[in-house]
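Residue numbers (our numbering): 32 to 503. No residue lacks a Cβ here, since even glycine has one placed at the ideal position from N, Cα and C. Worksheet: one structure, shown below.
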């Protein structure tokens, strides 16, 4: 019996309240990620005035947390495949809490940069972990919706954070925004410790001590009968180096395409998230107006993600992703193209009135919808034994792009570029991401994954194991 057999049994059931609770915790954590990452974007105009920061220095602060996210994704993703998804989530939340609380007492630019780097490190490891947990505990019928809801949680957290940032900054100063984020991260840590189980597929793949006892405790909460013994699994699939596997012959091309797609998409996405409020303020709006524009952009992101979720429920995300076989554009790729178009239109819109906020809505709708599509596809590519490693590597490359985007924009603006020109140039990477996304959709791992998480990849994984067996 293959290691994903229990997951397929879960696939055939309606989701229990226990599974819904797991997804809800992950959505809450995702919303904290959105709040934590954008806390600097919301407070940037105030911090820049108080500390007298130039655009290049501010861009460096924006990129610090994103660079930390890149490192966290690459370093902590593989750790999740060794110590477990639950333990890794706890570790990441500790790092996030410490980074946010320390940011609230930062006294100068270097301190803030270090603390934002620490916050980003925790978030970087958290995002692939919670997406993997959701993918493994959601039923087949609701998996795309649940992953989409988790991704939308990011926009929801950013939206709520923007709404809270306005009165917090007005009454208590910018430090209160980071303090609130740190306290909420501690609440999430308590929720994970009390209610989140370990991944069933991790236990099956890694066979930790008392694995059968741990499995049966989780199965009991799922309303299933206990196992008398663990399903048989290939020793090689449990002991082989997961990093070597995701860059090995079976996954090399897919990994390269996925990392490239995430790099370019995140480069544009985080440029927009980081600089949009500051751009609105510099172009003539008040600080409250700039934050309001960012809130509208993130609310539109929720709408864009919900629309993609509705579309995937209607015909399935994988069907959309390979729709070009029938002469149609992939929906996610269309989102990428329209993100580029919306950014180019930005410079033609007057910096006042309802047209500006309509433009903010369009940018948020398509940019966030793109990320929902990417995050929903990612867990289908790799099998359970290397899913955290593969997702972490792809998201790590995405975070590198995310760090490059805001910093590059800061350099352009410091060099005398207008916001209008900067938005057009920084939207170009999203078009490249669309090209790579279409190439990913052609890969057999994705196309054959309709039967469950990682089925197609599991076959390739097994072929790799057989090859190693033959060599031995």
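Under 8 Å by Cβ, that's how I've got residue i and residue j pegged, so tell me the actual separation to the nearest angstrom.
i	j	result
residue 404	residue 366	6 Å
residue 369	residue 406	Contact doesn't hold; Cβ gap of about 18 Å is too wide.
residue 322	residue 196	6 Å
residue 439	residue 97	Not confirmed; about 12 Å, so no contact.
residue 411	residue 109	Not quite, the Cβ-Cβ distance comes to about 19 Å (not below 8 Å), so this is no contact.
residue 216	residue 131	6 Å
residue 427	residue 101	5 Å
residue 194	residue 277	So it is not a contact: roughly 39 Å between Cβ atoms.
Quick check on DSSP: helix, strand or coil for residue i?
i	result
residue 185	helix
residue 282	coil
residue 109	helix
residue 460	helix
residue 83	coil
residue 237	helix
residue 193	helix
residue 45	coil
residue 309	helix
residue 248	helix
residue 508	Outside the modelled stretch of the chain, which goes from 32 to 503, sits residue 508, for which no answer is possible.
residue 170	coil
residue 315	coil
residue 76	helix
residue 425	helix
residue 228	coil
residue 140	helix
residue 134	helix
residue 448	coil
residue 509	Summary: the structure shown does not reach residue 509, with the chain confined to residues 32 through 503, and so no result is reported for it.
residue 198	helix
residue 257	coil
residue 379	coil
residue 436	helix
residue 115	coil
residue 204	coil
residue 51	helix
Tell me the rounded alpha-carbon separation between residue i and residue j.
i	j	result
residue 399	residue 240	41 Å
residue 104	residue 401	20 Å
residue 107	residue 211	25 Å
residue 99	residue 139	19 Å
residue 67	residue 259	44 Å
residue 200	residue 436	26 Å
residue 468	residue 284	13 Å
residue 356	residue 470	Its pLDDT being 35, under 50, residue 356 is placed unreliably in this model, and the coordinates cannot settle the point.
residue 48	residue 408	25 Å
residue 28	residue 275	For the chain, the structure presents residues 32 to 503; residue 28 sits outside this window and is missing.
residue 89	residue 79	7 Å
residue 116	residue 379	46 Å
residue 466	residue 373	18 Å
residue 244	residue 230	14 Å
residue 316	residue 95	26 Å
residue 45	residue 232	19 Å
residue 62	residue 56	10 Å
residue 236	residue 464	32 Å
residue 265	residue 414	Below a pLDDT of 50, predicted positions are generally treated as unreliable, and residue 265, at 47, falls in that range; the measurement from the model is reported next regardless. So the alpha carbons of these two residues sit roughly 13 Å apart.
residue 348	residue 176	Residue confidence is low: residue 348 scores 44 on pLDDT, short of 50, so the model does not pin down where it sits. No coordinate-derived value is stated.
residue 206	residue 87	22 Å
residue 127	residue 69	13 Å
residue 387	residue 377	8 Å
residue 113	residue 119	9 Å
residue 93	residue 75	9 Å
residue 246	residue 181	25 Å
residue 487	residue 287	Residue placement at residue 487 cannot be trusted, given a pLDDT of 38 that sits under 50; what the coordinates show is reported in the next sentence. Distance between the alpha carbons of residue 487 and residue 287 is about 18 Å.
residue 252	residue 338	32 Å
residue 363	residue 451	25 Å
residue 228	residue 124	16 Å
Short check: CB of residue i to CB of residue j, under 8 Å?
i	j	result
residue 375	residue 455	yes
residue 305	residue 72	yes
residue 425	residue 300	no
residue 242	residue 234	yes
residue 135	residue 203	no
residue 52	residue 430	no
residue 394	residue 328	yes
residue 121	residue 223	yes
residue 59	residue 169	no
residue 4	residue 91	Residue numbering for the chain in the displayed model covers 32 to 503; residue 4 lies beyond these limits and cannot be assessed.
residue 391	residue 446	no
residue 146	residue 133	yes
residue 371	residue 458	yes
Inter-stretch contact at 8 Å, needing at least 3 Cβ pairs: the segment 318-338 / the segment 177-185: yes
Segment contact, 8 Å Cβ cut-off, at least three pairs: the segment 189-204 with the segment 158-165: no
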